[in-house]
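K.L.:
Here the numbering used here is used: the first residue of the sequence shown is 3, the next is one more, and so on. Each residue gets a CB set at the ideal place from its N, CA and C atoms; glycine is no exception.
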Amino acid sequence: MNQAQWIGIAAGILTSVSMLPQLIKMIKEKKAQDVSVVMLLVLIAGLGLWAYYGFLKKDMPIIATNTFSVLLNILVLTFKIKYRNR
């Protein structure tokens, strides 16, 4: 792998785990009122398109990191809905 591929993989991993602290906080505190549903929906749609783009380009790092991000953000959305009245 060349330097550009390593940078792409590192960027994808960092982007993918960016919502992990928010998810952990939501689970610990059982509160999610400060998280925007619209932002999550737009983010999930964008990440889904990136994953689809990765499939079209047959680029495994793009596919893997964005698919993981979609799943993570669906979890955040799920907990946002679960804890909406707390």
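Put Gln24 into one of helix, strand or coil per three-state DSSP.
P.N.:
Counting from 1 along the sequence shown, the entry for residue 24 is found at position 22. DSSP places Gln24 in helix when its eight states are reduced to three.
K.L.:
Return the chain-ordered list of same chain residues with a C-beta closer than 8 Å to the C-beta of Tyr54, the five sequence neighbours on each side being excluded.
P.N.:
Here residue 54 refers to the residue found at position 52 of the sequence shown. Closer than 8 Å at the Cβ level, and outside the excluded window around Tyr54, lies no residue.
K.L.:
Closest by CA to Leu49, which one among Asn68, Val37, Met28, Asp61?
P.N.:
For the purposes of this step, residue 49 is identified with residue 47 of the sequence shown, where counting begins at 1. It is Asn68 whose Cα lies nearest to the Cα of Leu49.
K.L.:
Rounded to the nearest angstrom, what separates Asp89 and Lys30 at their Cα positions?
P.N.:
An answer regarding residue 89 cannot be provided, because it is not within the stretch 3 to 88 covered by the chain.
K.L.:
Using a 10 Å radius around the Cβ and a threshold of 16 neighbouring Cβ atoms, would you call Ala34 buried or exposed?
P.N.:
Residue numbering aside, residue 34 sits at position 32 when the sequence shown is read from its first letter. Ala34 comes out buried.
K.L.:
For Ile83, count neighbouring Cβ atoms within 10 angstroms of its own Cβ and tell me buried if that reaches 16, exposed if not.
P.N.:
Walking along the sequence shown from the start, residue 83 turns up at place 81. When all chains shown are included, Ile83 counts as exposed.
K.L.:
In the structure shown, what three-state DSSP assignment does Met3 receive?
P.N.:
Locating residue 3 in the sequence shown gives position 1, where the first residue counts as 1. Of the three classes helix, strand and coil, the one that applies to Met3 here is coil, per DSSP.
K.L.:
Residue ranges of each alpha helix (DSSP H) run of no fewer than 4 residues wholly in the region 9-54, ordered along the chain?
P.N.:
Qualifying alpha helix (DSSP H) stretches, in chain order: 22-31.
K.L.:
Contact criterion: CB-CB distance below 8 Å. Does Trp52 meet it with respect to chain B?
P.N.:
The question asks about chain B, but that chain is absent: this structure has only one protein chain.
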